[in-house]
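**Student:**
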Amino acid sequence: MTETNDETKQQQSIHQIHLLSQIDDITRQLHHLQSIQNQPPPPPSSPLKQNLENDLENNIHPEQMNPEKINLLPSLQELQQNLQTLSLAHDYLTLSSTSNDLFLTNNYELQKLIHSQRSLGHVLLYHPPSPLHSSLYQRYNDLYDYTKSYGILELRSFLKQSHYPTTTGCQALGEVLFNVCREIKENKSSDGIGGILRDMVELQVLHDLLHEKSNHEWEKEQKTYRVLVLDELVRPLVERVRFHFLPTQDQNEEGLSQKLDKLPQYLFAYLRDVLQPKEMESGGMALYDLFQNCISPFLHLATRSMCDELSISPPSFCGEKQQRLNAPLEYQQALPYFVREVVYLCRYMFRTRKFFSSYKHNAIVMCATVEQLMCFDSYLHSLIRKDVIIGVPKLMDVFVTSNATLFQQWLKMEYNYAASLLESASSV
Numbered sequence: 228m229t230e231t232n233d234e235t236k237q238q239q240s241i242h243q244i245h246l247l248s249q250i251d252d253i254t255r256q257l258h259h260l261q262s263i264q265n266q267p268p269p270p271p272s273s274p275l276k277q278n279l280e281n282d283l284e285n286n287i288h289p290e291q292m293n294p295e296k297i298n299l300l301p302s303l304q305e306l307q308q309n310l311q312t313l314s315l316a317h318d319y320l321t322l323s324s325t326s327n328d329l330f331l332t333n334n335y336e337l338q339k340l341i342h343s344q345r346s347l348g349h350v351l352l353y354h355p356p357s358p359l360h361s362s363l364y365q366r367y368n369d370l371y372d373y374t375k376s377y378g379i380l381e382l383r384s385f386l387k388q389s390h391y392p393t394t395t396g397c398q399a400l401g402e403v404l405f406n407v408c409r410e411i412k413e414n415k416s417s418d419g420i421g422g423i424l425r426d427m428v429e430l431q432v433l434h435d436l437l438h439e440k441s442n443h444e445w446e447k448e449q450k451t452y453r454v455l456v457l458d459e460l461v462r463p464l465v466e467r468v469r470f471h472f473l474p475t476q477d478q479n480e481e482g483l484s485q486k487l488d489k490l491p492q493y494l495f496a497y498l499r500d501v502l503q504p505k506e507m508e509s510g511g512m513a514l515y516d517l518f519q520n521c522i523s524p525f526l527h528l529a530t531r532s533m534c535d536e537l538s539i540s541p542p543s544f545c546g547e548k549q550q551r552l553n554a555p556l557e558y559q560q561a562l563p564y565f566v567r568e569v570v571y572l573c574r575y576m577f578r579t580r581k582f583f584s585s586y587k588h589n590a591i592v593m594c595a596t597v598e599q600l601m602c603f604d605s606y607l608h609s610l611i612r613k614d615v616i617i618g619v620p621k622l623m624d625v626f627v628t629s630n631a632t633l634f635q636q637w638l639k640m641e642y643n644y645a646a647s648l649l650e651s652a653s654s655v
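Each number in our numbering corresponds to the 1-based position in the sequence shown with 227 added.
1) Taking C-alpha atoms, which residue in His-438, Leu-498, Phe-472 and Leu-400 lies nearest to Gly-511?
2) How many whole angstroms separate the CB atoms of Cys-408 and Pro-563, which I take to be in contact at a CB cut-off of 8 Å?
3) At which residues does the alpha helix (DSSP H) containing Cys-397 begin and terminate?
4) When you compare each of Ile-411, Asn-406, Leu-382 and Tyr-571 to Thr-530 by their alpha carbons, which one comes out closest?
5) What residue range is occupied by the uninterrupted alpha helix (DSSP H) comprising Val-501?
6) Look at Val-625 and Phe-634 and say whether their C-beta atoms are less than 9 Å apart.
7) Taking the alpha-carbon of Leu-337 as reference, which of Leu-386, Pro-356 and Leu-430 has the nearest alpha-carbon?
8) Confirm, please, whether the CB-CB distance from Tyr-373 to Gly-348 is below 9 Å.
9) Rounded to the nearest angstrom, what separates Pro-463 and Met-427 at their Cα positions?
10) His-588 lies in the alpha helix (DSSP H); which residues open and close that run?
11) Drop a sphere of 10 angstroms on the beta-carbon of Ala-561, count the other beta-carbons inside from all chains shown, and report buried for 16 or more, exposed for fewer.
12) Where does Asp-604 land, buried or exposed, given buried means 16+ other C-beta within 10 angstroms?
13) Short of 7 Å in beta carbon distance, which residues of its chain neighbour Val-566, apart from the five on each side in sequence? Order them along the chain.
14) Give every residue of the same chain whose Cβ lies closer than 6 Å to the Cβ of Leu-502, excluding the five residues on either side of it in the sequence, and list them in chain order.
15) Distance check for Val-456 and Leu-380, CA to CA, integer angstroms please.
16) When burial is assigned at 16 or more other CB atoms within 10 Å of the CB, is Thr-596 buried or exposed?
17) Taking Cys-534 as the reference, which of Gln-388, Asp-435, Tyr-391 and Gln-344 has the closest Cα?
18) Tell me which residues share the same chain as Arg-580 and place their Cβ nearer than 7 Å to its Cβ, disregarding the 5 neighbours each side in the sequence.
19) Decide if the region 415-426 is in contact with the region 376-394; the criterion is three or more beta carbon pairs, one per stretch, under 8 Å apart.
20) Just the Cα atoms here: how many angstroms apart are Gln-398 and Ser-647?
21) Could you check if Ser-653 is buried or exposed, using at least 16 other CB atoms within 10 Å of its CB as the buried criterion?
22) Leu-526: buried (16+ other C-beta within 10 angstroms of its C-beta) or exposed?
23) Starting from Phe-626, follow the alpha helix (DSSP H) in both directions and report where the run begins and ends.
24) Given a cut-off of 9 Å on the beta-carbon distance, is the pair Met-640 and Met-601 in contact?
25) Quick check on the burial criterion: 16 or more other C-beta atoms within 10 angstroms. Buried or exposed for Trp-445?
26) Would DSSP call Arg-345 helix, strand or coil?
27) Relative to the C-alpha of Glu-598, which candidate in Trp-637, Ile-617 and Phe-385 has its C-alpha closest?
28) When we look at the beta-carbon of Gln-264 and count the other beta-carbons within 10 Å, is it buried (16 or more) or exposed?
29) Within the continuous alpha helix (DSSP H) that includes Thr-579, where are the two ends?
30) Please go through the same chain and pick out, in chain order, the residues whose beta-carbon is closer than 6 Å to the beta-carbon of Leu-404, but skip the five residues on each side of it.
31) By the DSSP assignment, the alpha helix (DSSP H) with Phe-472 in it spans what residues?
32) Quick check on Ile-617: does DSSP put it in helix, strand or coil?
33) Buried or exposed for Tyr-367, going by 16 or more other Cβ atoms inside 10 Å?
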C-alpha cells in the first residue's frame, strides 16, 4: 500500500513538472505575441508596410504571412485559454497531492470532506470557466451535496432533542451560538453542533460566491438566495403550525371548518406567543431574542470570516488584484429573513384553508379579519429595524390590496359600517 502511494505521488510530481514547463512555454509565447500586438504601427515608408502591400498585390493568403502581419487576437485568446486550463490543472494536482479525499467515494469522515470541498472551491473560485473547470465543479457539487445533507441531519437531531422552538430549546441553541461567536473572534476552530453550524454557513457562502461567478447550465437557479441554516430554524415552527391549524386524516374536517372563522385570531396569537412568550420558563429564551442576539451576530461573523479568507488571502496563482468578496444580503439580515418566512407561513395557512374564499361575503368576519391582519403586520414590522434591506411583505398587501374585488368589498363594508354608526349617533 505504501509503495502504491509513493508511486502515485511520484506520478503526480511528474505531471506537475510537465504542466509547469507547459505553462512557462505558453506564458513566454503569450508575452511575445502581446508585445508584438502592442507595438505601434509602422510609419508609411517602413519596409514592413511595403512588404505587406506587395503580399496583398500578389494574392498571398493570410496563413502564408509572417505572424507580425496578421491579426494576433485569435492566437492570443487561444493561448490564454490553454494557459488558464493548464494553470487550473496544475493547481488541482497540487491540491490532490495534499488532499487525497478528493478521489474517495466512500469516505465518511466529515471533517476531511469539508476540508477537501473548501480547498477545491477555493481553487475553482479564482479560475475562469472552462471544460476542465466544469468537470471539477461537478465534483465540488457532489461534495457540497453530501456535506450539506449531513449537516442538515445533525442540526435537525439537535433541534429535536432540545425541543426547539420552545424557550428552553432557544436557550440551548443560543449558548451554542455564543460559544461559536467567541471562537470565531479568537480564530479558533469549533466542534460539535457549533462546528457543524459554522461549516454549513461558511461552505454555503463559498458555494454562493461560486454560483455568482459560474455560468454552468445546471447552476441557473432562482435569484433569491436561501440561507440553509435559517431555513432549518424556520422548519420546526412550520411543522408546529401545520400540526395545530391544518386537518389530518384522523381529524374531523367538519369540526375544524366550524372554527375556520377564528383562524386569524388563533394563528396570530400562537405566533406572537412563540416569538415573544408572555410567560417563559426559568433560564429560557424567546425566539425573537434568539434571532436578534445570537443568530444574527453568528451569521455576520461566519460570513465575514469566510469572505475575508477568500479576499485577503487569495491563492498564489491569482495574478490580478482580487476585489472584496461579499456574501448575499440574506446572510446579514437574519431577523428580517425570519419575519419574512413567518409572513409566507401565514399566507400558506390562509390559502390552504381557503379562508378568504369561504368568508368573502361575510361582512362581519371579513372586517374583523382585515383589522387583525393590519395589527399583525404592525407587530411584525415593529420587530425589525427600519433600515433593513430584505423586503418583508405585509399580509394586507398579500390578501387585500392586491385583490381588487376583495379590496372593494372591504371598502364597501367599512363605508356601510361607518354610515350605520353615524346614523345611529344622529338618531340619538
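Built from N, CA and C at the ideal position, the CB exists for glycine as well.
**Tutor:** This is what the structure holds:
1) The sequence position of residue 511 within the sequence shown is 284, counting from 1. The alpha carbon of Gly-511 has as its nearest neighbour, out of His-438, Leu-498, Phe-472 and Leu-400, the alpha carbon of Leu-400.
2) Position 181 of the sequence shown, counted from the start, is the residue given in the question as residue 408. Position 336 of the sequence shown, counted from the start, is the residue given in the question as residue 563. In this structure, Cys-408 and Pro-563 do not form a Cβ contact; the two beta carbons are roughly 20 Å apart against a cut-off of 8 Å.
3) On the sequence shown, residue 397 is found 170 positions in, with the first residue counted as 1. Boundaries of the alpha helix (DSSP H) around Cys-397: 394-412.
4) Working through the sequence shown from its first residue, we reach residue 530 at position 303. Distance from the Cα of Thr-530 is smallest, within the candidate group Ile-411, Asn-406, Leu-382 and Tyr-571, for Ile-411.
5) For the purposes of this step, residue 501 is identified with residue 274 of the sequence shown, where counting begins at 1. Val-501 -> alpha helix (DSSP H) spans 490-502.
6) Counting from one through the sequence shown, the residue named residue 625 turns up at place 398. Counting from one through the sequence shown, the residue named residue 634 turns up at place 407. In this structure, Val-625 sits away from Phe-634, with a CB-CB distance that is not shorter than 9 Å.
7) Counting from 1 along the sequence shown, the entry for residue 337 is found at position 110. With distances taken between CA atoms, Leu-337 lies nearest to Leu-430 out of Leu-386, Pro-356 and Leu-430.
8) Locating residue 348 in the sequence shown gives position 121, where the first residue counts as 1. Locating residue 373 in the sequence shown gives position 146, where the first residue counts as 1. In this structure, the beta-carbon distance from Gly-348 to Tyr-373 does not fall below 9 Å.
9) Residue 463 sits at position 236 when you count from the first residue of the sequence shown. Residue 427 sits at position 200 when you count from the first residue of the sequence shown. So the two alpha carbons sit approximately 18 Å from each other.
10) To locate residue 588, count along the sequence shown from 1; it is residue 361. In the DSSP assignment, His-588 falls outside any alpha helix (DSSP H) and carries neither an H nor an E.
11) Position 334 of the sequence shown, counted from the start, is the residue given in the question as residue 561. Answer is buried; the Cβ neighbour count reaches 16.
12) Here residue 604 is taken as the residue at index 377 of the sequence shown, counted from 1. Buried, because 16 or more other Cβ atoms sit within 10 Å of the Cβ of Asp-604.
13) Position 339 of the sequence shown, counting from 1, holds the residue named residue 566. Here the set comprises Leu-607, Leu-610, Ile-611 and Val-619.
14) Position 275 of the sequence shown holds residue 502. The answer, listed in chain order, is Leu-514 and Tyr-515.
15) As a working note, residue 380 is residue 153 in the sequence shown. As a working note, residue 456 is residue 229 in the sequence shown. Cα to Cα, Leu-380 sits roughly 12 Å from Val-456.
16) Along the sequence shown, one-based indexing puts residue 596 at 369. Classified as buried, Thr-596 has 16 or more neighbouring CB atoms from the shown chains inside 10 Å of its CB.
17) Counting from one through the sequence shown, the residue named residue 534 turns up at place 307. For Cys-534, the nearest C-alpha among the options comes from Asp-435.
18) Stepping through the sequence shown from its first residue, residue 580 is reached at position 353. These residues qualify, in order along the chain: Leu-487 and Leu-490.
19) Touching, per the Cβ criterion.
20) Here residue 398 is taken as the residue at index 171 of the sequence shown, counted from 1. Here residue 647 is taken as the residue at index 420 of the sequence shown, counted from 1. In a straight line, the C-alpha of Gln-398 is about 51 Å away from that of Ser-647.
21) Along the sequence shown, read from residue 1 onward, the residue named residue 653 stands at position 426. An exposed status is given to Ser-653, since fewer than 16 other beta-carbon atoms sit within 10 Å of its beta-carbon.
22) Counted from its first residue, the sequence shown places residue 526 at position 299. Buried, by the Cβ-count rule.
23) The residue you call residue 626 lines up with position 399 of the sequence shown. Per DSSP, Phe-626 belongs to no alpha helix (DSSP H) and is neither H nor E.
24) Indexing the sequence shown from 1 puts residue 640 at position 413. Indexing the sequence shown from 1 puts residue 601 at position 374. Pairing Met-640 with Met-601 gives a Cβ-Cβ distance that is not under 9 Å.
25) On the sequence shown, position 218 is the one that residue 445 refers to. Confidence at Trp-445 is low in this model, with a pLDDT of 42, below 50, so the placement of that residue should be treated as unreliable; the coordinate-derived value is given next. Around the beta carbon of Trp-445, a 10 Å sphere encloses fewer than 16 other beta carbons of the protein chains shown; the residue is thus reported as exposed.
26) Translated into the one-based positions of the sequence shown, residue 345 becomes position 118. DSSP places Arg-345 in the helix class (H, G or I) of the three-state scheme.
27) The sequence position of residue 598 within the sequence shown is 371, counting from 1. Taking only the C-alpha atoms, the option nearest Glu-598 is Trp-637.
28) Looking up residue 264 in the sequence shown gives position 37. Here Gln-264 scores only 48 on pLDDT, less than 50, and its place in the model should not be relied on; the value that follows carries that caveat. Using a 10 angstroms sphere on the CB of Gln-264, the tally of other CB atoms stays under 16, which defines it as exposed.
29) One-based indexing of the sequence shown puts residue 579 at position 352. For Thr-579, the enclosing alpha helix (DSSP H) starts and ends at 561-579.
30) By 1-based counting over the sequence shown, the position of residue 404 is 177. Counting only residues of its own chain and dropping the five nearest sequence neighbours on each side, Leu-404 has a CB closer than 6 Å to the CB of Cys-521 and Phe-525.
31) Taking the sequence shown and counting its residues from 1, one reaches residue 472 at position 245. Per DSSP, the unbroken alpha helix (DSSP H) holding Phe-472 starts and ends at 455-472.
32) Counting from 1 along the sequence shown, the entry for residue 617 is found at position 390. Ile-617 falls in the coil class under three-state DSSP.
33) By 1-based counting over the sequence shown, the position of residue 367 is 140. Buried.
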